[in-house]
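All remarks here apply to the structure that follows.
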Amino acid sequence: MRCLLDKVTARLAVQGLLKLGEDRELTRGELLALDLFLRASRSPHRLFIVPPTASVLRRCAEQPHYSPIVQLFLARVEIVQPARYFKRWARRLRDLGFAREDAAVLALATFGTDSAATILGMEIVATCDQAMANNWAIRQSEIQARLSAMQRYLSAPYNHARLPQVLRPEQIAVE
Amino acid sequence: MITIPLQLPDELAQQVIPLQERLPEIVELGLRHWRKHATSDRRVKRTRRLSGVIAPDLRQLEHRPSARTVTEASANVAAFRDEVLAALGSQRLSPDEPLLNGLTLGQYDALSDDEKASLWDRWAQVDLMEMDEIEVSPDALPVG
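Protein chains in written order, with my numbering: chain A, 1 to 175; chain B, 1 to 144.
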């Protein structure tokens, strides 16, 4: 399984790690995001974060006090890269009513790849944004139709790209 | 009326498709049955027996993992606390240490979630829509 942590989910997981380092109580959101991160990182599944998240974490890692915690996180995730047609699909998603940032993350989960460019897309987007997840579920047929229409003119492997499931961290099963 | 997309195993889907006109009624009956019987082992066993008669594939649904509870998550995270402290050389993080751009961890912790989100957006300095797209290899592995 390939799972993309959206910006909020990744931030909550890192905040959870920092609070463990401070010996403070975690919020429910931090707890569930960190739990997903730990479950997935102990499994053969691959966890991805988006480049803006990686940018913030690299800057935090420059601070000696926080570096061990941030490195602990970064060592267990990969950074998704925009593949060809990412922008076109993000624009289509915006037309379907998704906010700019949401459309970009969702488009990365369909037209995103790893650093070696050997994969295309993610099975799951982990999000704490219930409104986005609802919108994704409710409009699934419409979104699928739009993707299929776009893919009619694409060559392999882009014509095999799929839509991800959009789930809350606690809904994601990691076997 | 709300449209709910469903992903079903092939065999179950083949049973459901001829009945799709009556699906709301079947879901309503199933939900009533599930609520009535899902509270004790004895009742769950009975549900299993009944589902075996009505639709054997419904048994698969019992094996689908349910939502993770806060209790389960707490236990998992608590077990990781030692690893975090080991990474820090047993020195707890101080709220007075600067995190980024002069903001200390304590000041960061005191912000609202919306304020934290805005800060991360500002700190990121990366716009996904401005990034170059990569050509994947022709045998790149799609999902599924």
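Glycine is no exception: its CB is placed at the ideal position from the N, C-alpha and C atoms.
Quick caveat, the model's predicted, so the values are computed rather than measured.
What's the C-alpha gap between Gly29(A) and Ser112(B)?
Indexing the first sequence from 1 puts residue 29(A) at position 29. Indexing the second sequence from 1 puts residue 112(B) at position 112. Cα atoms of Gly29(A) and Ser112(B): separation of roughly 13 Å, rounded to the nearest angstrom.
Quick check on the DSSP output: the beta strand (DSSP E) that includes Phe73(A) runs from which residue to which?
Residue mapping note: residue 73(A) aligns to position 73 of the first sequence, counting from 1. First-last for Phe73(A): 67-74, but that is the alpha helix (DSSP H), not the beta strand (DSSP E).
In the DSSP assignment, find the unbroken beta strand (DSSP E) run with Ala126(A) in it and report its ends.
Your numbering for residue 126(A) matches position 126 in the first sequence. Ala126(A) -> beta strand (DSSP E) spans 124-126.
Taking a Cβ distance cut-off of 7 Å, strictly less, list which residues of the segment 89-113 of chain B are near chain A, in chain order.
Listed by position along the chain: Arg92, Leu93, Pro95, Glu97, Pro98, Leu99, Leu100, Leu105.
Helix or strand or just coil, what does DSSP make of Ile17(B)?
Here residue 17(B) corresponds to residue number 17 of the second sequence, with the count starting at 1. Helix, per DSSP.
Quick one: residues in its chain with C-beta nearer than 6 Å to the C-beta of Val8(A), no 5 flanking neighbours on either side, listed in chain order?
As a first step, residue 8(A) must be located in the first sequence, where it is residue number 8. Excluding positions up to five away in sequence, the list reads Cys128.
Determine the DSSP secondary structure at Leu103(B), reduced to helix, strand or coil.
Mapped onto the second sequence, residue 103(B) falls at position 103. Correct three-state label for Leu103(B): strand.
So who's on the other strand from Glu78(A), going by DSSP bridges?
Against the first sequence, residue 78(A) aligns to sequence position 78. Per DSSP, Phe48(A).
Could you say if the segment 136-143 of chain B and the segment 57-73 of chain A meet the contact criterion of at least three C-beta pairs nearer than 8 Å?
no
By the criterion of Cβ-Cβ separation under 8 Å, what are the contact partners of Arg28(A) in chain B?
The sequence position of residue 28(A) within the first sequence is 28, counting from 1. Correct list: Val70.
Strictly below 8 Å CB to CB, what residues from chain A border Glu135(B)?
Against the second sequence, residue 135(B) aligns to sequence position 135. The contacting residues are Ala83, Arg84, Ala117.
Helix, strand or coil, according to DSSP, for Ala83(A) in the structure here?
Numbered from 1 along the first sequence, position 83 holds the residue referred to as residue 83(A). DSSP places Ala83(A) in strand when its eight states are reduced to three.
Report the neighbours of Leu23(B) on chain A: residues whose CB is nearer than 9 Å to its CB, in chain order.
Here residue 23(B) refers to the residue found at position 23 when the second sequence is read from its first residue. For Leu23(B), there are no C-beta contacts with chain A under 9 Å, since the nearest C-beta of that chain is about 15 Å from it.
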